[in-house]
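Undergrad:
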Amino acid sequence: MTQQEVFEVLHDWAQQGVLRRLDVALARFLHELCPQMPSALVVGVAILADLEGRGHTCVMLDEMPQHLAALKERALQAGSTCSLAPDVVWPLDAMPMLRACAVVHVEGEEDAGAPLVVSAGRLYLRRYWRDECTVAARIHERLQYETGFDASRAAAMLARLFPPAPDHEVDWQKLACAVALRGRFTLITGGPGTGKTHTAARLLALLWANRDEATQALRVALAAPTGKAAARLKQSIDRELGKLSGLEGMSDLSHSLGPARTLHSLLGARPDTRRFACNAAHLLDVDVLLIDEASMVHLEMMAAVLEALPPAARLILLGDKDQLASVEAGAVLGELCRGAEQGRYTPETSQALEALAGTALPACFIDPEGPLLSQQVVMLRKSHRFGGAIGQLAFAVQNGDADTALRLLQPSHDPAVRLLPVAVSPAVSVAQIVAELAVRGRAHAAGYAAYAELLQQQPPADPQKWDDWAGRVLRAFDRCRVLCAVREGPWGVSALNEAIAAQLDALGQLRCRGTWYAGRPVMVTRNDPDLGVLNGDVGIALPMAGHDLRVVFLQGQALRTVSPSRLADVQTAFAMTVHQSQGSEFEHTVLVLPEHHAGLSRELIYTGITRAREAFTLACADVQILREGIERVTRRASGLLWRIDKLSSS
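Residue numbers for the sequence shown follow the UniProt record's numbering, so the first one is 1 and each next one is one higher.
1) Measuring CA to CA, which of Phe365, Met302, Val332 and Val473 is closest to alanine 637?
2) In whole angstroms, what separates the C-alpha of threonine 404 from that of phenylalanine 276?
3) With hydrogens ignored, establish whether the beta-carbon of alanine 294 is closer than 6 Å to any heavy atom of the ligand NAP.
4) So, are the CB atoms of leucine 640 and glutamate 335 less than 7 Å apart?
5) Identify, in the order they occur along the chain, each residue of the same chain with its Cβ nearer than 6 Å to the Cβ of glutamate 8, setting aside the five sequence neighbours on each side.
6) Going by C-alpha distance, which of Gly492, Ile188, Gly489 and Arg520 is nearest valine 473?
7) Can you give the Cα-Cα distance for valine 424 and tryptophan 491, rounded to whole angstroms?
8) Taking the Cβ atom as the reference point for each residue, do phenylalanine 586 and asparagine 497 lie within a distance shorter than 7 Å?
9) Between which residues of its own chain and alanine 450 is the CB-CB distance below 7 Å, once the five residues before and five after are set aside?
10) Could you tell me which of Leu41, Pro96 and Ala155 sits nearest to alanine 357, measuring between CA atoms?
11) Which residue wins for smallest C-alpha separation from arginine 407, given the options Leu41, Tyr517, Gln624 and Pro164?
12) If you draw a straight line from the alpha carbon of glutamate 341 to that of valine 397, how long is it in whole angstroms?
13) Among the candidates Leu204, Gln557, Met523 and Asp548, whose CA atom is the shortest distance from the CA of glycine 539?
14) Just list the residues that DSSP pairs isoleucine 316 with in beta bridges.
15) May I ask you to verify whether the stretch 242–257 touches the stretch 270–287, counting CB pairs closer than 8 Å and requiring at least 3?
16) Does the beta-carbon of cysteine 364 have 16 or more other beta-carbons within 10 angstroms, so that it is buried, or is it exposed?
17) Which term fits proline 311, buried or exposed, when burial requires 16 or more other beta carbons within 10 angstroms of its beta carbon?
18) I believe alanine 499 touches alanine 445 by the beta-carbon criterion, under 8 Å. Please report the beta-carbon distance rounded to the nearest angstrom.
19) Can you tell me where the alpha helix (DSSP H) with histidine 31 in it begins and where it stops?
20) Which ranges does the beta strand (DSSP E) cover as unbroken runs of at least 3 residues, wholly within the stretch 489–527, from first to last along the chain?
21) Any idea what DSSP makes of alanine 197, helix, strand or coil?
22) On a Cα-Cα basis, can you pick out the residue from Ala49, Val170, Ile188 and Thr197 that is closest to arginine 127?
23) With a Cβ-Cβ cutoff of 7 Å, do asparagine 535 and glycine 227 count as a contact?
24) Could you work out which residue in Glu110, Leu373 and Gly148 is closest to valine 135 when comparing CA atoms only?
25) Provide the residue span of the beta strand (DSSP E) that contains methionine 576, from first to last.
26) Would lysine 321 be called buried (16 or more neighbouring beta carbons within 10 Å of its own) or exposed?
27) Whole angstroms are fine: how far does the CA of aspartate 548 sit from the CA of glycine 508?
28) Can you tell me the Cβ-Cβ gap for leucine 353 and valine 179, rounded? I've got them flagged as a contact below 8 Å.
29) Could you tell me which of Arg74, Glu52, Arg602 and Gln15 sits nearest to asparagine 399, measuring between CA atoms?
30) Using the C-alpha atoms, what's the distance from threonine 561 back to alanine 217?
31) Taking only three categories from DSSP, how would you classify valine 332?
32) Quick check: is the beta carbon of glutamate 348 nearer than 7 Å to any beta carbon in chain B?
33) Taking glutamate 631 as the reference, which of Ala137, Arg613 and Leu604 has the closest Cα?
34) Relative to the alpha-carbon of histidine 596, which residue among Trp90, Leu626, Leu22 and Trp172 has its alpha-carbon at the smallest distance?
35) So, does the stretch 200–213 touch the stretch 144–160, judging by three or more C-beta pairs under 8 Å?
36) Round the Cβ separation of phenylalanine 162 and lysine 174 to the nearest angstrom and send it over; I've been treating them as touching at under 8 Å.
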């Protein structure tokens, strides 16, 4: 095929939605820089860009033929009549082709700043290669150092912070604090209810007790990827520190902590640029940086954080390695936690931890060949609030056990978890079936009817009583939430939001007319510091005594009211995507799985299940969809772990 014919095929595939227009534009741009670029590499660039849009930071060269075959199959399924001729194939040995191309740099050879980079059998866009090198180098540097501290004072403080564990039980929270005390980089992972913020608060208390004796200062920054997650982190830390008020210096620590911030705010995001005010030349003014919900931090942001962090500062990452990764490219937390279940602590690490925490690690977690990174990764293994059928279901999904997951969803099992079979028919839409469940609820599971009933009450005229009523409405709404894997289509967020509003309207519980109506729940989709609302905040439009609508948000125990006319970036929030729900919990969660969706994965299903506290309902047309999703594990292509291991062994 000629180059022009190749681009005609790619443009057709972009129109069919098989590729993004951006993918084709990048391939054309690089072809203009290097007109001699072979057709195979033109298609390879489009594939690389497509994979970046799906969260990968690179593509393995030896996997390019499979990606090319998958791309052709997607085009065929989309109904495209255009196809690449058989002569457009990725060569078995692609290195000669890549070396001969001016837009490709091979790592280790002279670098002229080419936009594509080949490294260790992987093809990268330069900026992801650069970010990966930065993250690997900065983490490796931090792993080299052990921090100084008074061991006897630290051991005594750990004993006061953590009561003795039952016989033969490892206190992983205590061990996590001991691990973090010894190093400048620590990663604490664990599922819902394992006590990540509980541990983090006690770690801050431990660091405060062991702070520099000369300055008696400890500059702590709390951060998270989103405003909602940051606010939740601060509330959780404050609550946990309140439980330690009897310990000396805890009030000083509480007063020294400022508000938790988004990573963008912490680094000083600038409009119209990807660069930040804080960087390698202008470092953050911190001794400890604690980042929660780290699974949502993408590669580029992690590189920016590590570049801006002073060399002597501690970085502590909290997150659930099994949750969905970041929307943007990279799965940093998941990759750094690979193998966390095995522990792989060296005998030297084990001895040091036993001396500090008074706990001996079981032999199964000891590995004389354990990598350097593993010595600073701790997995919390005991859930203190997340058990029963929901916990069992989450554990089965987490371990890829589809048979057990399906058994747990049967009607004869615990009523906390239920399967809602959705029969697709012309008479009743998918959205209508799910909407009826969402509104009415089911046995042992709340629906939106409870919040709608409160809305039917006359709003009190007294301001204090109105605040009490508004708070009850918000809390009642938060008892239930519908989570979707997709935004559009009959199984998506848009259709379900419309159907739930229509169901409430038909029952006479809400009057859902126009854009704004009393009872409309909305999610903020962009931070607005001027209004005091953050991306992910959920509020409800409520009538004031004078019948004017105000959108009310519950922030901690306080209410914030905003005029609807000032909220430009919101969407109706009866239903939301699983991604948008990360970090939240609801009494009853309804997870809606579409008939066919290539992006359905074990991580998405696990994240949806673990949003439920007391009841979980799965809505799908065929349980085979659930089985296929559980079997599909997301493995984003990356060389980060390989690069850290290489640096550590060199």
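Don't be surprised by glycine CBs; every beta carbon is placed ideally from N, CA and C.
Quick caveat: nothing in here was measured; it's all calculated off a predicted structure.
TA: Reading it off the structure:
1) Here residue 637 refers to the residue found at position 637 when the sequence shown is read from its first residue. Out of Phe365, Met302, Val332 and Val473, Val332 has the C-alpha closest to the C-alpha of alanine 637.
2) Here the question's residue 404 lines up with position 404 in the sequence shown. Here the question's residue 276 lines up with position 276 in the sequence shown. Distance from the CA of threonine 404 to the CA of phenylalanine 276, rounded to the nearest whole angstrom, comes to 47 Å.
3) In terms of ligand content, the structure shown is empty, and the ligand NAP therefore cannot be addressed.
4) Here residue 640 refers to the residue found at position 640 of the sequence shown. Here residue 335 refers to the residue found at position 335 of the sequence shown. A Cβ-Cβ contact shorter than 7 Å links leucine 640 with glutamate 335.
5) In the sequence shown, residue 8 corresponds to position 8, counting from 1. No residues qualify anywhere along the chain.
6) Residue 473 sits at position 473 when you count from the first residue of the sequence shown. Restricting attention to Gly492, Ile188, Gly489 and Arg520, the CA atom closest to the CA of valine 473 is found in Arg520.
7) Locating residue 424 in the sequence shown gives position 424, counting from the first residue. Locating residue 491 in the sequence shown gives position 491, counting from the first residue. About 11 Å.
8) Within the sequence shown, the letter at position 586 stands for residue 586. Within the sequence shown, the letter at position 497 stands for residue 497. Contact flag unset, no.
9) To locate residue 450, count along the sequence shown from 1; it is residue 450. Counting only Cβ-Cβ distances below 7 Å, and skipping sequence neighbours, we find Ala476 and Arg479.
10) As a working mapping, residue 357 is identified with position 357 in the sequence shown. Residue Ala155 is the option with its Cα nearest to alanine 357.
11) The residue given as residue 407 occupies position 407 in the sequence shown. For the residues Leu41, Tyr517, Gln624 and Pro164, the minimum Cα distance to arginine 407 belongs to Gln624.
12) Residue mapping note: residue 341 aligns to position 341 of the sequence shown, counting from 1. Residue mapping note: residue 397 aligns to position 397 of the sequence shown, counting from 1. Each residue's Cα considered, the two are about 16 Å apart.
13) The residue given as residue 539 occupies position 539 in the sequence shown. The shortest C-alpha separation from glycine 539 is found at Met523.
14) Stepping through the sequence shown from its first residue, residue 316 is reached at position 316. Its beta-bridge partners are Thr186 and Leu290.
15) No: the two stretches stay apart, fewer than three of their Cβ pairs being nearer than 8 Å.
16) Numbered from its first residue, the sequence shown carries residue 364 at position 364. Exposed: under 16 other Cβ atoms inside 10 Å.
17) Indexing the sequence shown from 1 puts residue 311 at position 311. It is exposed - the Cβ of proline 311 has fewer than 16 other Cβ atoms within 10 Å.
18) Translated into positions along the sequence shown, residue 499 becomes position 499. Translated into positions along the sequence shown, residue 445 becomes position 445. Rounded to the nearest angstrom, the Cβ distance from alanine 499 to alanine 445 is 18 Å, too far for a contact under 8 Å.
19) Counted from its first residue, the sequence shown places residue 31 at position 31. Its alpha helix (DSSP H) spans residues 21–33.
20) The stretch 489–527 contains these whole beta strand (DSSP E) runs: 521–524.
21) On the sequence shown, position 197 is the one that residue 197 refers to. The residue asked about is misnamed: residue 197 is threonine in this sequence, not alanine. Reduced to three states, the DSSP call for threonine 197 is helix.
22) Locating residue 127 in the sequence shown gives position 127, where the first residue counts as 1. Among Ala49, Val170, Ile188 and Thr197, the Cα nearest to that of arginine 127 is on Ala49.
23) What you label residue 535 is simply residue 535 of the sequence shown in a count that begins at 1. What you label residue 227 is simply residue 227 of the sequence shown in a count that begins at 1. Taking 7 Å as the cut-off, the Cβ atoms of asparagine 535 and glycine 227 count as close.
24) The count along the sequence shown starts at 1 and reaches residue 135 at position 135. Looking only at Glu110, Leu373 and Gly148, the smallest Cα-Cα distance to valine 135 is reached by Leu373.
25) For the purposes of this step, residue 576 is taken as residue 576 along the sequence shown, with counting starting at 1. For methionine 576, the uninterrupted beta strand (DSSP E) segment begins and ends at 575–577.
26) As a working note, residue 321 is residue 321 in the sequence shown. It counts as buried.
27) Within the sequence shown, the letter at position 508 stands for residue 508. Within the sequence shown, the letter at position 548 stands for residue 548. Distance between the alpha carbons of glycine 508 and aspartate 548: 21 Å.
28) Locating residue 353 in the sequence shown gives position 353, where the first residue counts as 1. Locating residue 179 in the sequence shown gives position 179, where the first residue counts as 1. Cβ-Cβ separation between leucine 353 and valine 179: approximately 7 Å, consistent with a contact (criterion under 8 Å).
29) For the purposes of this step, residue 399 is taken as residue 399 along the sequence shown, with counting starting at 1. Considering only alpha carbons, the answer is Arg602.
30) As a working mapping, residue 217 is identified with position 217 in the sequence shown. As a working mapping, residue 561 is identified with position 561 in the sequence shown. Their backbone Cα atoms lie some 38 Å apart in a straight line.
31) To locate residue 332, count along the sequence shown from 1; it is residue 332. In this structure, DSSP gives valine 332 a helical state, which the three-state scheme calls helix.
32) The structure shown has no chain B; it contains just one protein chain.
33) Stepping through the sequence shown from its first residue, residue 631 is reached at position 631. For glutamate 631, the nearest C-alpha among the options comes from Leu604.
34) Translated into positions along the sequence shown, residue 596 becomes position 596. Cα-wise, what sits closest to histidine 596 is Leu626.
35) With contact defined as three or more Cβ pairs closer than 8 Å, the stretch 200–213 and the stretch 144–160 are in contact.
36) As a working note, residue 162 is residue 162 in the sequence shown. As a working note, residue 174 is residue 174 in the sequence shown. Phenylalanine 162 to lysine 174, Cβ: 4 Å. Contact.
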